[in-house]
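Protein chains in written order, with our numbering: chain A, 2 to 296; chain B, 5 to 433.
First comes the structure, then the notes that go with it.
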Ligand SMILES: Nc1ncnc2c1ncn2[C@@H]1O[C@H](COP(=O)(O)OP(=O)(O)OP(=O)(O)O)[C@@H](O)[C@H]1O
Ligand SMILES: [Mg+2]
């Protein structure tokens with residue numbers, strides 16, 4: 002699969018043969034964190050640090066030696082052609098890959114300096130700290146209220162009915178959905194439109210008050226208006242949360258993120274300030290991708 | 005550019021005809037299949053109904069019974085025990101003789117008495133026990149007719165059969181006609197059939213014992229197989245790590261579902277009766293045996309239902325930090341419940357109709373008493389049908405068909421319950 006893709010990429014970018022692409026990869030990789038560190042001081046602290054992450058699906062390597070630092074209260078965008086491992090990377094961060102049997106993760110991922118793959122870490126607690134919004138809206142087939150209330154309830158975050166009501170209301174407000182659903186809180190969440198469902202999923206995620214929110218192409222099923230809403234929302238959420246978003250839209254990455262990571266064939270090719278990555282990419286593969294020459 | 009387009013369109017038009025024809029043919033096959041199935045169902049049901057309908061009615065004979073003090077309690081003790089043990093048969097015989105005074109010969113009297121069920125004495129006994137002041141009084145009482153009289157009255161024994169091969173002779177027919185003429189013969193809803201257990205006398209035999217036996221057995225089966233089956237399926241499907249061991253289990257469970265039911269009966273005999281010494285003929289043991297049989301069906305159905313739950317729901321719950329058990333209990337299981345119930349009801353229906361394994365553990369015994377609990381000897385509906393079908397008396401033929409109807413009704417009620425439950429679960433989402 003990835004070999005085929007490599008060949009396709011090779012033909013589209015004639016300067017490089019596929020073999021060179023793979024051989025060159027580690028060098029670029031090692032260079033990237035250095036780039037991050039040499040950037041001006043005064044930046045926000047690192048929230049999540051991944052070092053030397055390799056992910057395998059059976060014998061297939063989906064990610065190779067990924068080193069990436071995610072800073073607190075910033076939006077980090079992950080871009081790259083389909084199948085390059087963006088979702089896989091995202092799922093490493095809240096250990097959603099654990100449930101895929103043939104999936105194996107190597108390397109270290111730390112959250113606030115703590116190794117999340119450590120034996121002592123409870124995934125239930127971890128996932129409460131790192132929320133996730135999926136590509137396809139997936140509300141529970143329950144009422145809108147119950148969808149949002151579910152997280153706080155299972156984690157025992159609220160002690161009274163009133164407190165729960167309040168959490169639900171603030172979460173819906175933050176997700177910019179409350180005005181649309183105020184009179185139908187007890188109707189099924191699956192009866193909402195696609196964009197509303199996605200905002201419901203965001204409300205559900207923030208109801209647990211996570212530190213980090215992972216979003217896997219949250220707007221891929223939405224129209225431009227709903228997309229704009231969610232982008233606005235992401236920008237607001239940035240004040241309180243650390244956000245990592247996978248997107249196929251260059252414009253979206255440019256609009257919402259402070260930092261952008263470009264993945265290609267399971268390798269982190271380039272990572273830096275969004276503005277810098279889009280205006281003066283250092284790697285020609287990044288250049289090719291953002292200018293639409295491949296991907 | 006237009007040339008290829010028109011030819012494409014022509015090609016499509018040409019292919020459309022055969023496609024439409026294929027579609028029509030397929031629809032026709034479907035309709036024929038459903039019609040055939042319906043015809044069989046209607047034929048089956050109507051034949052059983054025609055045969056069994058009669059059993060829901062019972063012939064009764066009205067007699068003027070003298071509750072004579074001399075017969076019931078000659079010493080005037082007033083003791084309930086003495087009264088209960090009195091010769092009520094004699095009261096019936098006296099009443100019959102009073103009705104037909106010219107019958108004198110012993111053999112004739114015997115024939116006359118044979119028109120009334122032997123259970124009539126229990127009826128009279130109960131009357132006196134309820135109301136001792138009856139002693140000394142005279143009352144008109146509707147007594148149950150004997151099986152043969154009942155069959156004759158319902159037309160199941162024809163008059164034109166030669167007397168020798170007829171179960172009821174010409175004199176008896178004459179008496180019945182006389183009773184009929186004086187309005188002392190009637191057909192009433194057969195309460196006995198729905199309130200008593202089995203009996204050697206067809207007119208006294210009822211299905212209630214078997215209904216209770218079946219219900220007790222199925223309750224045991226459900227209590228054992230449903231939670232076990234669902235838990236096992238959830239574990240295998242949602243919680244366990246797939247490895248060679250679970251593959252091995254899966255193959256075995258699938259094989260278990262295919263094992264002939266009588267093997268489970270042999271197992272029950274060997275383990276539960278011979279080793280564990282559980283009571284013979286008891287619904288408890290029957291239920292355990294049927295639970296073993298139903299267990300794999302429930303596991304397979306539950307796993308299929310769990311597989312059908314979209315993975316996105318699991319991901320959503322996991323992503324929020326629900327533990328694996330919470331994911332299952334809060335989301336997956338409720339969504340899979342309709343499918344699980346369907347599978348369970350299929351398994352339970354099969355268990356309800358099963359007789360072979362129960363024969364092995366002695367549930368085929370002739371049991372008169374209504375079982376009071378899962379430890380009492382009992383029989384079940386299909387075994388009762390089998391027993392009656394095996395009885396020589398003409399009167400048991402309609403009982404057999406009627407018992408089949410009861411079994412079908414039981415099945416319909418079970419299925420309806422499942423449908424209602426399923427609706428309830430579906431509504432929530
Ligand atoms: N569950 C899985 N089992 C096996 N291989 C997988 C699985 N999930 C992903 N892969 C493989 O891992 C590689 C990376 O997949 P991933 O889903 O991370 O790509 P992506 O960058 O998110 O792509 P897209 O933009 O299309 O969503 C692909 O080659 C894919 O085939
Ligand atoms: Mg993806």
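Beta carbons: idealized from backbone N, C-alpha and C, even for Gly.
Keep in mind it's a predicted model, so treat the numbers as computed, not measured.
Taking 8 angstroms as the line, does the beta carbon of residue i fall inside it for any heavy atom of ligand 2?
{"i": "residue 136 of chain A", "result": "yes"}
{"i": "residue 172 of chain A", "result": "no"}
{"i": "residue 319 of chain B", "result": "no"}
I'd like to know whether the C-beta atoms of residue i and residue j end up nearer to each other than 9 angstroms.
{"i": "residue 224 of chain B", "j": "residue 147 of chain B", "result": "no"}
{"i": "residue 248 of chain A", "j": "residue 80 of chain A", "result": "yes"}
{"i": "residue 260 of chain A", "j": "residue 75 of chain A", "result": "yes"}
{"i": "residue 78 of chain A", "j": "residue 246 of chain A", "result": "yes"}
{"i": "residue 370 of chain B", "j": "residue 391 of chain B", "result": "yes"}
{"i": "residue 347 of chain B", "j": "residue 421 of chain B", "result": "no"}
{"i": "residue 178 of chain A", "j": "residue 201 of chain A", "result": "yes"}
{"i": "residue 367 of chain B", "j": "residue 383 of chain B", "result": "yes"}
{"i": "residue 211 of chain A", "j": "residue 242 of chain A", "result": "yes"}
{"i": "residue 220 of chain B", "j": "residue 352 of chain B", "result": "no"}
{"i": "residue 125 of chain B", "j": "residue 96 of chain B", "result": "yes"}
{"i": "residue 98 of chain A", "j": "residue 109 of chain A", "result": "no"}
{"i": "residue 258 of chain B", "j": "residue 61 of chain B", "result": "no"}
{"i": "residue 299 of chain B", "j": "residue 232 of chain B", "result": "yes"}
{"i": "residue 168 of chain A", "j": "residue 150 of chain A", "result": "yes"}
{"i": "residue 106 of chain A", "j": "residue 54 of chain A", "result": "yes"}
{"i": "residue 203 of chain B", "j": "residue 210 of chain B", "result": "yes"}
{"i": "residue 196 of chain A", "j": "residue 176 of chain A", "result": "no"}
So does residue i have its beta carbon nearer than 8 angstroms to some heavy atom of ligand 1?
{"i": "residue 246 of chain A", "result": "no"}
{"i": "residue 63 of chain A", "result": "yes"}
{"i": "residue 103 of chain A", "result": "yes"}
{"i": "residue 83 of chain A", "result": "yes"}
{"i": "residue 86 of chain A", "result": "yes"}
{"i": "residue 239 of chain B", "result": "no"}
{"i": "residue 249 of chain A", "result": "yes"}
{"i": "residue 272 of chain A", "result": "no"}
{"i": "residue 90 of chain A", "result": "yes"}
{"i": "residue 289 of chain A", "result": "no"}
{"i": "residue 33 of chain B", "result": "no"}
{"i": "residue 58 of chain A", "result": "yes"}
{"i": "residue 263 of chain A", "result": "no"}
So what's residue i in DSSP terms, helix, strand or just coil?
{"i": "residue 40 of chain A", "result": "In this prediction, residue 40 of chain A has a pLDDT of 44, which is less than 50 and means its spatial position is unreliable; nothing more can be read from the coordinates."}
{"i": "residue 133 of chain A", "result": "strand"}
{"i": "residue 101 of chain A", "result": "coil"}
{"i": "residue 189 of chain A", "result": "strand"}
{"i": "residue 204 of chain B", "result": "coil"}
{"i": "residue 268 of chain A", "result": "strand"}
{"i": "residue 258 of chain B", "result": "helix"}
{"i": "residue 143 of chain A", "result": "coil"}
{"i": "residue 80 of chain A", "result": "strand"}
{"i": "residue 48 of chain A", "result": "strand"}
{"i": "residue 216 of chain B", "result": "helix"}
{"i": "residue 25 of chain A", "result": "Low confidence applies here, because residue 25 of chain A scores a pLDDT of 37, under 50, leaving its location unreliable; read the following figure in that light. Looking at residue 25 of chain A - three-state DSSP - the assignment turns out to be helix."}
{"i": "residue 75 of chain A", "result": "coil"}
{"i": "residue 178 of chain A", "result": "coil"}
{"i": "residue 68 of chain A", "result": "strand"}
{"i": "residue 61 of chain A", "result": "strand"}
{"i": "residue 342 of chain B", "result": "helix"}
{"i": "residue 133 of chain B", "result": "helix"}
{"i": "residue 149 of chain B", "result": "strand"}
{"i": "residue 335 of chain B", "result": "helix"}
{"i": "residue 163 of chain A", "result": "helix"}
Which residue or residues does DSSP assign as beta-bridge partners of residue i?
{"i": "residue 347 of chain B", "result": "Residue 347 of chain B pairs with nothing; no bridge assigned."}
{"i": "residue 434 of chain B", "result": "What the structure shows of chain B is the stretch from 5 to 433, and residue 434 of chain B is not part of that stretch, so it cannot be assessed."}
{"i": "residue 273 of chain A", "result": "A:261"}
{"i": "residue 107 of chain A", "result": "A:55"}
{"i": "residue 193 of chain B", "result": "B:61"}
{"i": "residue 216 of chain A", "result": "A:134, A:246"}
{"i": "residue 116 of chain A", "result": "A:111"}
{"i": "residue 68 of chain B", "result": "B:144"}
{"i": "residue 120 of chain B", "result": "B:149"}
Consider the Cβ of residue i: report whether some Cβ of chain D lies at a distance smaller than 9 angstroms.
{"i": "residue 133 of chain A", "result": "Of the protein chains in the structure, A and B, none is chain D."}
So is the beta-carbon of residue i under 8 angstroms away from any non-hydrogen atom of ligand 3?
{"i": "residue 217 of chain A", "result": "Ligands in the displayed structure: ligand 1 and ligand 2; ligand 3 is not one of them."}
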